[in-house]
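Asks:
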Amino acid sequence: MIQVNYFARLRELTGKGQETLDRDSMTVSELLDWAESTYPGFGADTIQVAVNEEYALIDDTIYSGDVCAFIPPVSGG
Amino acid sequence: MIQVNYFARLRELTGKGQETLDRDSMTVSELLDWAESTYPGFGADTIQVAVNEEYALIDDTIYSGDVCAFIPPVSGG
Amino acid sequence: MKQYEIVETPIDIQQYSDYVLHPAAGAVTIFTGNVREWTHGVKTLYLAYEAYIPMAEKKLAEIGAEMEAKWPGIRVAIAHRIGELQVKDIAVVIAVSSPHRKAAYEANEYAIDRIKEVVPIWKKEIWEDGEEWIGAQKKYPEKGVGQ
Amino acid sequence: MKQYEIVETPIDIQQYSDYVLHPAAGAVTIFTGNVREWTHGVKTLYLAYEAYIPMAEKKLAEIGAEMEAKWPGIRVAIAHRIGELQVKDIAVVIAVSSPHRKAAYEANEYAIDRIKEVVPIWKKEIWEDGEEWIGAQKKYPEKGVGQ
Chain A
1 MIQVNYFARL RELTGKGQET LDRDSMTVSE LLDWAESTYP GFGADTIQVA VNEEYALIDD
61 TIYSGDVCAF IPPVSGG
Chain B
78 MIQVNYFARL RELTGKGQET LDRDSMTVSE LLDWAESTYP GFGADTIQVA VNEEYALIDD
138 TIYSGDVCAF IPPVSGG
Chain C
155 MKQYEIVETP IDIQQYSDYV LHPAAGAVTI FTGNVREWTH GVKTLYLAYE AYIPMAEKKL
215 AEIGAEMEAK WPGIRVAIAH RIGELQVKDI AVVIAVSSPH RKAAYEANEY AIDRIKEVVP
275 IWKKEIWEDG EEWIGAQKKY PEKGVGQ
Chain D
302 MKQYEIVETP IDIQQYSDYV LHPAAGAVTI FTGNVREWTH GVKTLYLAYE AYIPMAEKKL
362 AEIGAEMEAK WPGIRVAIAH RIGELQVKDI AVVIAVSSPH RKAAYEANEY AIDRIKEVVP
422 IWKKEIWEDG EEWIGAQKKY PEKGVGQ
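Protein chains in written order, with my numbering: chain A, 1 to 77; chain B, 78 to 154; chain C, 155 to 301; chain D, 302 to 448.
(1) Does residue 242 of chain C get closer than 8 Å to chain D when you measure Cβ to Cβ?
(2) Any idea what DSSP makes of residue 181 of chain C, helix, strand or coil?
(3) How about residue 192 of chain C: is its C-beta nearer than 8 Å to some C-beta of chain A?
(4) When the cut-off is 8 Å and only beta carbons count, does residue 343 of chain D lie next to chain B?
(5) Checking the sheet assignment: what are the DSSP bridge partners for residue 197 of chain C?
(6) Using a Cβ cut-off of 7 Å, which residues of the segment 27-58 of chain A contact any Cβ in chain C, in chain order?
(7) Please name the residue in D/369, D/424 and D/404 whose C-alpha comes closest to that of residue 348 of chain D.
(8) Report the three-state DSSP secondary structure of residue 365 of chain D (helix, strand or coil).
(9) Taking 8 Å as the limit between beta carbons, can you name the residues of its chain near residue 446 of chain D, skipping five residues before and five after?
(10) Comparing C-alpha positions only, which one of C/179, C/257 and C/212 sits nearest to residue 223 of chain C?
(11) Quick one: is residue 427 of chain D buried, meaning 16 or more other Cβ sit within 10 Å of its Cβ, or exposed?
(12) Quick one: grab the DSSP three-state call for residue 413 of chain D.
(13) Report the residue from B/154, B/149 and B/122 whose alpha carbon sits nearest the alpha carbon of residue 107 of chain B.
(14) Are residue 394 of chain D and residue 330 of chain D touching if we call contact CB-CB under 8 Å?
(15) Give me, in chain order, the residues of the same chain whose beta-carbon lies closer than 7 Å to that of residue 197 of chain C; leave out the 5 immediate sequence neighbours on both sides.
(16) Quick check on residue 111 of chain B: does DSSP put it in helix, strand or coil?
(17) Using the beta-carbon count (16 or more within 10 Å), is residue 99 of chain B buried or exposed?
(18) With a cut-off of 8 Å, do at least 3 Cβ pairs link the segment 370-380 of chain D to the segment 234-244 of chain C?
(19) Here's the rule: buried if 16 or more other CB atoms are within 10 angstroms of the residue's CB, otherwise exposed. What is residue 213 of chain C?
(20) List the residues of chain A whose Cβ lies closer than 7 Å to the Cβ of residue 177 of chain C, in chain order.
(21) CA-CA distance, residue 66 of chain A and residue 241 of chain C?
(22) Taking the beta strand (DSSP E) that residue 280 of chain C falls in, what are its first and last residues?
(23) Looking only at its own chain, which residues have a Cβ that is under 8 Å from the Cβ of residue 110 of chain B, when we skip the five neighbours before and after it?
(24) Decide if residue 153 of chain B is buried, meaning its Cβ has at least 16 other Cβ atoms within 10 Å, or exposed.
(25) Please name the residue in C/181, C/174, C/193 and C/157 whose C-alpha comes closest to that of residue 335 of chain D.
(26) Taking DSSP as the reference, what is the three-state secondary structure of residue 55 of chain A?
(27) Label residue 103 of chain B either buried or exposed according to how many other C-beta atoms from any shown protein chain fall within 10 Å of its C-beta, with 16 as the threshold for buried.
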């Protein structure tokens with residue numbers, strides 16, 4: 001199981017704060033493709049993925065038990 | 078009468094905070110020369126003079142009624 | 155308080171200043187980012203901030219570590235508030251102490267620049283006639299240029 | 302409090318921050334200069350500050366006016382404490398607000414540089430084995446290059 005978290009615009013778009021995917025492993029790229037096809041308007045090409053609270057690269061692999069988060073463009077400060 | 082004020086090292090050197098000079102007018106340069114000869118170790122060449130709370134130039138004239146201050150190198154902040 | 159924290163209540167700058175001050179510090183700089191009433195000609199009613207809290211606090215601590223490496227001898231504390239903020243409220247405070255002032259200014263400005271780049275915090279502007287999540291669009295970073 | 306003032310009691314940074322903050326300000330920078338325990342390897346017991354008070358307050362206000370001319374839209378407040386100050390005490394506080402942060406940093410740093418140049422305030426360091434009035438020696442400025 002891979003946990004994914006949604007924030008800000010994505011939390012409102014998906015209507016949820018988090019969910020779990022029943023996968024053993026997938027790449028960051030695959031996760032973004034899944035999100036884009038599951039949630040029209042997700043805007044995957046503007047979003048970064050954090051895996052276990054660290055920014056991941058597009059080819060990194062995510063494993064069951066990892067906690068992921070979709071990070072839309074940040075605007076703190 | 079010209080009033081002169083002493084601060085910091087100069088206040089300690091002269092042993093006074095202020096005094097008055099019985100003059101109708103004098104230049105800043107003359108005032109510094111007077112101080113140097115009156116108070117050995119005054120160090121007039123490192124000191125600026127303020128006239129009526131504004132830095133004066135070395136050739137400026139001071140008149141009776143003006144309030145002067147000797148300004149040793151500042152060290153605020 | 156924690157040295158690097160996300161908070162949900164009003165920010166008191168004094169405690170962050172106190173935190174970084176010590177006998178070898180000759181200078182303290184404090185930056186606060188405050189809610190502005192007008193942005194690009196549109197009147198803000200209030201802002202809503204949201205964070206991925208554990209990662210945000212971790213990233214704030216990483217920024218602090220970057221700063222201490224670049225400017226040895228400084229001490230840092232950073233807090234960002236989330237939730238609904240009204241005009242004039244403090245969204246972020248950065249406190250930096252240093253033996254000498256130059257590093258305190260430079261490190262402080264570095265911190266706010268980095269916060270705006272990498273800390274997972276989001277701001278929604280709420281106006282009289284609408285609202286929008288703010289954030290500069292950008293492409294996924296290539297390998298090796300990750301943040 | 303006054304916008305530009307010499308004070309004889311401990312400085313509370315909050316009131317200067319409050320003074321400069323307003324609904325169009327998105328950023329506030331606060332600088333404090335604090336008494337350091339060690340300077341050039343010598344342990345400071347305490348500092349004694351003295352000012353030519355009316356001229357010092359006038360010069361602080363002039364510095365504020367210079368800043369507002371260079372960085373339109375900022376608001377400024379400056380206070381300097383005199384008398385005996387202990388290690389960690391605040392000697393000077395500079396608060397600057399600005400619509401955007403860059404000006405708030407730049408103007409604040411400009412202020413402390415100018416204070417150290419032109420404001421008639423003097424610092425005496427008192428150590429265990431002596432004391433000295435501090436101040437960089439310099440020659441009388443030539444006509445036209447006055448401060």
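Don't be surprised by glycine CBs; every beta carbon is placed ideally from N, CA and C.
Replies: In brief:
(1) yes
(2) strand
(3) no
(4) Taking Cβ atoms only, chain B never reaches closer than 8 Å to residue 343 of chain D, which makes this a no.
(5) Residue 197 of chain C is bridged to C/192.
(6) Within the segment 27-58 of chain A, the residues whose Cβ lies closer than 7 Å to some Cβ of chain C are 45, 46, 48, 50, 53, 55, 57 and 58, listed in chain order.
(7) D/424
(8) It is helical.
(9) For residue 446 of chain D, the pLDDT reaches just 43, beneath the cut-off of 50, and the residue's location in the model is therefore unreliable, although a value from the coordinates is still provided. Nothing listed; no residue qualifies.
(10) Answer by Cα proximity: C/257.
(11) exposed
(12) helix
(13) B/122
(14) no
(15) 191, 281 and 282
(16) helix
(17) exposed
(18) no
(19) buried
(20) Within chain A, no residue has its beta carbon less than 7 Å from that of residue 177 of chain C; the closest one is some 31 Å off.
(21) Looking at the two C-alpha atoms, the distance is approximately 39 Å.
(22) 275-281
(23) Correct list, in chain order: 121.
(24) Residue 153 of chain B counts as buried, since no fewer than 16 other beta carbons sit within 10 angstroms of its beta carbon.
(25) Closest by alpha carbon: C/181.
(26) In the displayed model, residue 55 of chain A falls within a strand according to three-state DSSP.
(27) buried
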